Structures are given as C-alpha cells and as structure tokens.
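Asker: Quick note on numbering: the numbering used here labels position 243 of the sequence shown as 284, and the sequence is numbered without any gaps.
Backbone N, C-alpha and C fix where the C-beta goes; we use that ideal spot for every residue, glycine too.
Given the structure is predicted, the values throughout are model-derived calculations rather than measurements.
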Amino acid sequence: MLQLKTAGYIALDNLRSRKSFPPVWQDMTELEKSTDELISLFREERFNVSKELGGGYLIEEVIDRFVRTDDREFMDDSRIPEQERLESVKALERQNAFLQLYPRHIDILLPLIRQASERFRREVKILELASGSGGLALALASELKRKKFPARITGSDIVPSYIEKSNRRAAGQNLPVEFMELNAFDMKRLGRDEFDIIVTSQSLHHFSPGQLAVMIAQAGQHATTAFIGIDGYRSALLGLGVPFVAGLQAIPSFALDGLISARKFYSELELAIIAETAAGQHHYEVDCLWPLSVLTVRFD
C-alpha cells in the first residue's frame, strides 16, 4: 500500500508514449525544474489511471494523496536555533542505534566498496551527503578500520554546528573520517572524480524531486563508481511505525518529524523516475530491503 505500482506503471507508460518522459535538460537549473514538474505530472496521471481502474486502486490513491505532505521537518527549519535542531539530529541517531539501522546500511554499502577497491587497487574514497550528526560515516569508518580495509571517508552537511560536533567525535574515537561543510545539491567545489562512492542515508525525503535529480547528476561528475540513496520504504506500516518509534523518546518535535518524514517517503517508481531523468534509463536500480528503499545509480 502507498507504492501504487499497478496504476503507477500504467501512468509511466502513458507519459513515455506522449514523449513527456524522460524530459530533455541542458543544465542543473533545467534539470531541477523539469524533474519537479515531471513528478507532479506523474502523480496527476497516476490519479487519472486510478480513477479509471476504480475500486481499491482509487482508494489507495486517495489515501496516498491524503497522507502526502510537503511540510518541512523541525530539524530542517533554519528558523530554529542550530542547537535545538542538533538535539533532534542526535535523537535520530539514538533511534538508528536502537533499530540497528547502521549495520544494515553498512551491509548495503560494503559490496560496492569492495568492487571499487578491486577496480582501483587503492583506498576507496566515500562521501556521505547530509550526514547530520555523522552517525553513519562514523559507524562505517569504525567497521572499515576493524576490517583493516583501506578507505577514506568524508561526511558533509550544510549546518556548521553538525560538522564541528562530528569532527570532534571522529577525533575522540580516532577514526579515519573527516567532516566538511557542503550543500548536498551544490557540489561544484568538489573535483572531478574526487570520490568513488557518494551516499546519502535517511534524507532523500528531505529534498524535492528536482533537488534529488541535481544531486544524482552532480554525483556523476564527482564519483567514479556510484551514488547510493537509502531511505524509508513508503508504506502504510512505516507511516504508522516511524512516528510511533520516534515518539518513544518523548521529544514532541522529533515525534512530529517522524510523522512528517513517513508521509514524505518516495515510492520506488518516483525514485526510478528521478534517477532516470538525471542519469539515463540503464544506469540505476531501486530495491526494497525492508524497511528501506535503496536507490543505486552507477557511473562506472
């Protein structure tokens, strides 16, 4: 439920037959605009298909429309003092530890890291976008250090206090990772193929479709191997479960963020449309590794 695959595939075929998908773009500004418009067009076409199919298909579509929101999470609101936002980010890290999500994320990343290592015969260079408190980058660095696996890990975020805090933690734990300030969809300061793998975890839903497309396209300029996006799987179960688990910490703003995030998760087809618009038809795959959606875009 909330993936709406039957109506979605029909809607996507309709857009292809009308030459509305994939759109043509020349620069990042056009890519962002055309992807935002395309996802809106896809959702409208899917609604029309659902009406034609009727019955349960239409009920699911109506529920999806009722649930979906564009509200901004508390931790993303620049009007909120950074220290208060940092508390929400730290609460997310505690939740990830409780749910044992970092080991899952590392298991997803390790095969690609090994492939890059075998291909280049040198340390693998990994960049995490929108690192927040740095939990995944630190956990990955710890695991690779334990395995004596040669890698250089860089975390990044747009919030300076997150970077400062994460660098202190990395130094205190003596881990081979550094954090830098970077806008996730403005990577012009990075060098060509400066990294091998660019990853973002649990933050795809924080960005608009156009911003995600720009992120993927720019990753293709700065990564030799792949972009990986990991996020929650859009479903009714997670729509209820994420805010419930978030509420266990008794932090009202974080519980609200859990509710908003669960309502914003992208469906598999939406992620596929965004990836194909940014990188082409044969260069990506979207997998469900419950309770996660995993988008992999290859550049090699």
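At the level of alpha carbons, what is the spacing between residue 59 and residue 86?
Answerer: Indexing the sequence shown from 1 puts residue 59 at position 18. Indexing the sequence shown from 1 puts residue 86 at position 45. Their Cα atoms are separated by approximately 12 Å.
Asker: Determine the extent of the beta strand (DSSP E) in which residue 272 is found, giving its start and end residues.
Answerer: Translated into the one-based positions of the sequence shown, residue 272 becomes position 231. 264-273 is the extent of the beta strand (DSSP E) around residue 272.
Asker: Taking the alpha-carbon positions, what's the residue 131 to residue 174 distance?
Answerer: Taking the sequence shown and counting its residues from 1, the one referred to as residue 131 is at position 90. Taking the sequence shown and counting its residues from 1, the one referred to as residue 174 is at position 133. Computed Cα separation, rounded: 6 Å.
Asker: With a cut-off of 8 Å, do at least 3 Cβ pairs link the region 250-258 to the region 313-329?
Answerer: Below 8 Å, enough C-beta pairs join the region 250-258 and the region 313-329 to call them touching: three or more.
Asker: Locate the alpha helix (DSSP H) running through residue 143, then write down its first and last residues.
Answerer: Position 102 of the sequence shown, counting from 1, holds the residue named residue 143. Start and end: 142-161.
Asker: With DSSP collapsed to three states, give me the class of residue 261.
Answerer: In the sequence shown, counting from the first residue as 1, residue 261 sits at position 220. Residue 261: helix per DSSP, three-state reduction.
Asker: Quick one: residues in its chain with C-beta nearer than 7 Å to the C-beta of residue 294, no 5 flanking neighbours on either side, listed in chain order?
Answerer: On the sequence shown, residue 294 is found 253 positions in, with the first residue counted as 1. Excluding positions up to five away in sequence, the list reads 115, 129.
Asker: Where residue 220 and residue 179 are concerned, what is the direct C-alpha to C-alpha distance, given to the nearest angstrom?
Answerer: For the purposes of this step, residue 220 is taken as the residue at position 179 of the sequence shown. For the purposes of this step, residue 179 is taken as the residue at position 138 of the sequence shown. Cα-Cα distance, rounded: 10 Å.
Asker: Between 328, 339, 266, which has its C-alpha nearest residue 159's C-alpha?
Answerer: Position 118 of the sequence shown holds residue 159. Closest option to residue 159, Cα to Cα, is 266.
Asker: Assuming residue 54 is part of the beta strand (DSSP E), what are its boundary residues?
Answerer: Translated into the one-based positions of the sequence shown, residue 54 becomes position 13. From DSSP, residue 54 is part of no beta strand (DSSP E) but of the alpha helix (DSSP H) over 46-58.
Asker: Output the boundary residues of the beta strand (DSSP E) element that contains residue 216.
Answerer: Here residue 216 is taken as the residue at index 175 of the sequence shown, counted from 1. Counting along the chain, residue 216 falls outside any beta strand (DSSP E), and DSSP gives it neither H nor E.
Asker: What's the C-alpha gap between residue 223 and residue 195?
Answerer: The sequence position of residue 223 within the sequence shown is 182, counting from 1. The sequence position of residue 195 within the sequence shown is 154, counting from 1. Straight-line spacing of the CA atoms in residue 223 and residue 195 works out to 11 Å.
Asker: Could you tell me the boundaries of the alpha helix (DSSP H) in which residue 180 lies?
Answerer: Locating residue 180 in the sequence shown gives position 139, where the first residue counts as 1. Its alpha helix (DSSP H) spans residues 176-187.
Asker: From the DSSP output, which residues share a beta bridge with residue 330?
Answerer: Position 289 of the sequence shown, counted from the first residue, corresponds to residue 330. In DSSP, residue 330 forms a bridge with 333.
Asker: Under a three-way DSSP split, which group does residue 221 fall into?
Answerer: Sequence index remark: in the sequence shown, residue 221 carries index 180 (1-based). Strand at residue 221.
Asker: Compare the C-alpha of residue 172 against each of 49, 273, 240 and name the closest.
Answerer: Here residue 172 refers to the residue found at position 131 when the sequence shown is read from its first residue. The shortest C-alpha separation from residue 172 is found at 240.
Asker: Closest to residue 119 by C-alpha separation, out of 143, 84, 200, would be which residue?
Answerer: Working through the sequence shown from its first residue, we reach residue 119 at position 78. Out of 143, 84, 200, 200 has the C-alpha closest to the C-alpha of residue 119.
Asker: Considering only the alpha carbon of each residue, which of 254, 275, 327 lies closest to residue 110?
Answerer: Indexing the sequence shown from 1 puts residue 110 at position 69. Selection 254, 275, 327 evaluated against residue 110 yields 275 as nearest (Cα-Cα).
Asker: Whose CA, out of 79, 72, 70, lies closest to the CA of residue 62?
Answerer: Residue mapping note: residue 62 aligns to position 21 of the sequence shown, counting from 1. The shortest Cα separation from residue 62 among 79, 72, 70 belongs to 79.
Asker: Alpha carbon to alpha carbon, how far is residue 212 from residue 148? Give it in angstroms, no decimals.
Answerer: By 1-based counting over the sequence shown, the position of residue 148 is 107. By 1-based counting over the sequence shown, the position of residue 212 is 171. Their Cα atoms are separated by approximately 24 Å.
Asker: Just the Cα atoms here: how many angstroms apart are residue 44 and residue 304?
Answerer: Looking up residue 44 in the sequence shown gives position 3. Looking up residue 304 in the sequence shown gives position 263. Inter-residue distance for residue 44 and residue 304 is about 12 Å (C-alpha atoms, whole angstroms).
Asker: For residue 280, which of helix, strand or coil comes out of DSSP?
Answerer: In the sequence shown, counting from the first residue as 1, residue 280 sits at position 239. If DSSP states are grouped into helix, strand and coil, residue 280 belongs with the helices.
Asker: Per DSSP, which one or two residues make a beta bridge with residue 170?
Answerer: The residue labelled residue 170 in the question sits at position 129 within the sequence shown. Its beta-bridge partners are 241.
Asker: Straight-line CA distance for residue 301 to residue 162?
Answerer: Start at 1 with the first residue of the sequence shown, and residue 301 comes out as number 260. Start at 1 with the first residue of the sequence shown, and residue 162 comes out as number 121. C-alpha separation (whole angstroms): 43 Å.
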